[in-house]
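Asks: Protein chains in written order, with our numbering: chain A, 683 to 1017; chain B, 683 to 1017. Glycine included, every Cβ here is placed at the ideal spot set by N, Cα and C. The following block contains the structure, expressed as structure tokens.
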DNA sequence: GACTATTGGGTAATCGATCACCCAAGGAGG
DNA sequence: CCTCCTTGGGTGATCGATTACCCAATAGTC
């Protein structure tokens, strides 16, 4: 089960050359050497099944070709998908690997970051599952190169976040262009994303000179959570009974939309004919599987991942700033 | 942004002792040394912000405290959640970190495994997104310690897979105990999990001396995929119109169940009063958010992860074998 | 009081890869 | 024929942590 590791000196011995020549032949593209020697060394390396020992190289260089990603449980969440894809793609083209470490509840940020630092990564990012503020201890603010999906409380680190407000404006405008005028919003209460989306929602309607038909919290608790008892069904029923029955319902996320679908089906209403439904997140397994498929603003997760890696690996560090990345509209059949 | 790394010799110099003493004080619990010296060294290490350099230790030991997990895209799938949690929990208690590497389509298994081997991990696992067979090249069969959610084609590596057939038997028995007698199965066609679940489904009914009301494929393509056009709605409609209207529908997974819910709602039928619905996977965001919440057989993902790590880190390697892990029933309100 | 354990801690080698520097052979130019 | 430069490749130091081995001082024993 354990494979005996082949080292450069094994190859050197077999080839009758020095270790440095082997190193040059395999890794140093510019090392002066006859083609003959280079080919011979490569052949022997191949034959012996040589695999570079990055730990050894790492001691010399002072770092391993790793980019650490510390996340508050994100790596085990479906939302991580695209962030990791974005990071990983960009990392590989730079010869780096992504090393994800979970920041488990109860553990201090400092201790997770130290855990990561033990591996001497080239750079470290912090990613959050939900768009929020994260306080980094002074000692560590310098160790983190970029914040993904969250903002460093003191603004000392460049942060990449979705442009919640802009995304909300865009989806509202889209509903307006589709001819909808009585729009309700069942929102995620108490979290940053929800608050910003609501600002965008209100601004876009105001800009159009229209009143909304209601803004409601999806759950009873002040912070959105999947476990909290849902208020969605009762809000929808109340809306339908009210004098101002909406012709569009905007949902805080796709799971809320799923519940809205169920409530509308019970009421015998058709989507989008009677009421349009739109949402945020684009959680594909849900959005594409609903009937009709859900029109939703996709979070810029992959773009955040890609951009994060570019920033981390950049030669010239930029001054820290907040970068808002645009959502993009995924048009399906629910509007 | 880059933190200047503190080494043992920095501490040694500051403390006026040798490097070996520092090493012993910080890492070698059993090294002979006065408590005085040990405390002094620890204090200085703390003060300077020392973080162990695992790369350096790794050169000496021949391996890094990493467990590589190669997966066919699993790490970016919601199903990875629990596997990684299981792996990670067990790894941490052993002082190891999980290093996940994506096996991207188009890349050979050999090249991904080599990528991982560069980091000299203590052990390597291969994990699959869907329960299936994976062919490992001869050269590499010895490098992988355990297969998770898949079987090595030639059986040379211990494999941990869900007990699909047993899980299907259990959920069918549960439906029978609940008094259901006319059970239909809308299954995932063409994949191993689906075939095994169907065997269990048929066996449990046969054991009870009952006929099923129909077994249908969820999609038109021979291999289940989210993109394939869904047949669920039409199957449900056909079932309801048939003389043998079912009193329970078993679904290949929670997404299929989601579509069954929608079709039943359109038909004005109540769950579970008119028809019970049960399923496989326990994809929590869906199963717990449906109305009524979905009764489903949870995949033993976390258990597979935990057991995998135990096997990987075991002193004595076991002979390779196939281990089927039991599903567990998550009772909610749909039966 | 001399002799042996025991304790506290230093020295130097080692892991594998890299790199600055040196050396030898051979060709070009004067 | 001598010097200079280029090419091909070796020597030895280095990165940081660990470890086998050694040495000095102290404590304990007869």
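Does DSSP put residue 763(B) in a helix, in a strand, or in coil?
Replies: The answer is helix: DSSP assigns residue 763(B) an H, G or I state.
Asks: I need the straight-line Cα distance from residue 1007(A) to residue 726(B), nearest angstrom please.
Replies: If I take the Cα positions, the gap works out to 44 Å.
Asks: Just the Cα atoms here: how many angstroms apart are residue 785(A) and residue 768(B)?
Replies: Residue 785(A) and residue 768(B): Cα-Cα distance of roughly 15 Å.
Asks: Out of 733(B), 799(B), 815(B) and 1015(B), which has the shortest C-alpha to C-alpha gap to residue 1004(B)?
Replies: Of the candidates 733(B), 799(B), 815(B) and 1015(B), the one whose C-alpha sits nearest the C-alpha of residue 1004(B) is 815(B).
Asks: Would you say residue 811(B) lies against chain A (beta-carbon separation less than 9 Å)?
Replies: Judged by the 9 Å Cβ criterion, residue 811(B) is not in contact with chain A.
Asks: When the Cα atoms are used, what is the spatial distance from residue 869(B) to residue 719(A)?
Replies: Rounded to whole angstroms, residue 869(B) to residue 719(A) spans 60 Å at the Cα level.
Asks: Which two residues bound the contiguous alpha helix (DSSP H) that contains residue 792(A)?
Replies: Start and end: 791-799.
Asks: Cβ of residue 801(B) less than 9 Å from any chain A Cβ?
Replies: True, the Cβ-Cβ gap to chain A drops below 9 Å.
Asks: Assign residue 813(A) to one of three DSSP states: helix, strand, or coil.
Replies: Reduced to three states, the DSSP call for residue 813(A) is strand.
Asks: Do three or more CB pairs link the region 966-984 of chain A to the region 844-859 of chain A at distances below 8 Å?
Replies: Touching, yes, given that three or more Cβ pairs across the two stretches are closer than 8 Å.
Asks: Can you grab the Cα-Cα spacing for the pair residue 800(A) / residue 737(B), in whole Å?
Replies: Cα to Cα, residue 800(A) sits roughly 8 Å from residue 737(B).
Asks: Name the residues in the region 942-973 of chain B whose C-beta lies less than 9 Å from a C-beta of chain A; which are they?
Replies: Answer in chain order: 943, 944, 945, 947, 948, 950, 965, 966, 967, 968, 970, 971, 972 and 973.
Asks: Using a Cβ-Cβ cut-off of 6 Å (strictly less than) and excluding sequence neighbours within five positions of residue 898(A), which residues of its own chain qualify?
Replies: So the qualifying residues of the chain are 868 and 917.
Asks: Express the C-alpha separation of residue 844(A) and residue 640(B) in angstroms, rounding to a whole number.
Replies: No answer is possible for residue 640(B): it lies beyond the span of chain B, which begins at 683 and ends at 1017.
Asks: If you scan the region 897-982 of chain A from start to end, which runs of the alpha helix (DSSP H) of 4 or more residues do you find wholly inside it?
Replies: With a minimum length of 4 residues, the continuous alpha helix (DSSP H) runs that stay inside the region 897-982 of chain A are 914-923, 936-948 and 966-969.
Asks: Between residue 853(B) and the rest of its own chain, which residues show a CB-CB distance below 6 Å, the 5 nearest in sequence each way excluded?
Replies: Cβ neighbours of residue 853(B) beyond the five flanking positions: 960 and 979.
Asks: If the criterion is Cβ atoms closer than 9 Å, does the pair residue 929(B) and residue 879(B) meet it?
Replies: The answer is no: Cβ separation not under 9 Å.
Asks: Quick check on the DSSP output: what are the complete beta strand (DSSP E) runs of length 3 or more inside the region 803-854 of chain A, in order along the chain?
Replies: For the region 803-854 of chain A, whole beta strand (DSSP E) runs of length 3 or above, ordered along the chain, are 803-816, 828-834 and 841-844.
Asks: Any idea what DSSP makes of residue 705(B), helix, strand or coil?
Replies: Helix, per DSSP.
Asks: Output yes or no for whether 9 Å exceeds the beta carbon distance between residue 860(A) and residue 1012(A).
Replies: Going by C-beta atoms, residue 860(A) is not nearer than 9 Å to residue 1012(A).
Asks: Whole angstroms is fine: what's the gap from residue 1010(B)'s alpha carbon to residue 831(B)'s?
Replies: Roughly 16 Å between the two C-alpha positions.
Asks: Just the Cα atoms here: how many angstroms apart are residue 890(B) and residue 874(B)?
Replies: Straight-line Cα distance between these residues: approximately 25 Å.
Asks: Spatial neighbours of residue 969(A) within its chain, please: CB distance less than 6 Å, with the 5 preceding and 5 following residues excluded, ordered by chain position.
Replies: Contacts found: 936, 976 and 978.
Asks: Please decide whether residue 940(B) counts as near chain A, where near means a Cβ-Cβ distance under 9 Å.
Replies: Cβ-Cβ to chain A under 9 Å: yes for residue 940(B).
Asks: Three-state secondary structure (DSSP) at residue 892(A)?
Replies: Coil at residue 892(A), not helix or strand.
Asks: Just reading off the alpha helix (DSSP H) that residue 693(B) is part of, what are its end residues?
Replies: That run of the alpha helix (DSSP H) goes 690-697.
Asks: Tell me whether residue 868(A) sits in a helix, a strand or coil according to DSSP, three-state version.
Replies: Three-state DSSP puts residue 868(A) in a strand.
Asks: What does the alpha-carbon distance come out to for the pair residue 943(B) and residue 971(A)?
Replies: Cα to Cα, residue 943(B) sits roughly 12 Å from residue 971(A).
Asks: Go ahead and label residue 797(B) buried or exposed: buried means 16 or more other beta carbons lie within 10 angstroms of its beta carbon, across all protein chains shown.
Replies: So residue 797(B) ends up on the buried side.
Asks: Are the C-beta atoms of residue 719(A) and some chain B residue less than 9 Å apart?
Replies: Not closer than 9 Å to any Cβ of chain B, the Cβ of residue 719(A) fails to qualify, so no.
Asks: Ordered along the chain, which non-local residues of its own chain (more than five positions away) have a Cβ less than 7 Å from that of residue 693(B)?
Replies: Only 704, 723, 726, 727, 730 and 732 meet the Cβ criterion.
Asks: Can you check whether the C-beta of residue 977(A) is within less than 9 Å of a C-beta belonging to chain B?
Replies: By this cut-off, residue 977(A) is not an interface position.
Asks: Tell me which same chain residues have a C-beta within less than 8 Å of the C-beta of residue 696(B), skipping the five on either side of it?
Replies: The residues are 726 and 730.
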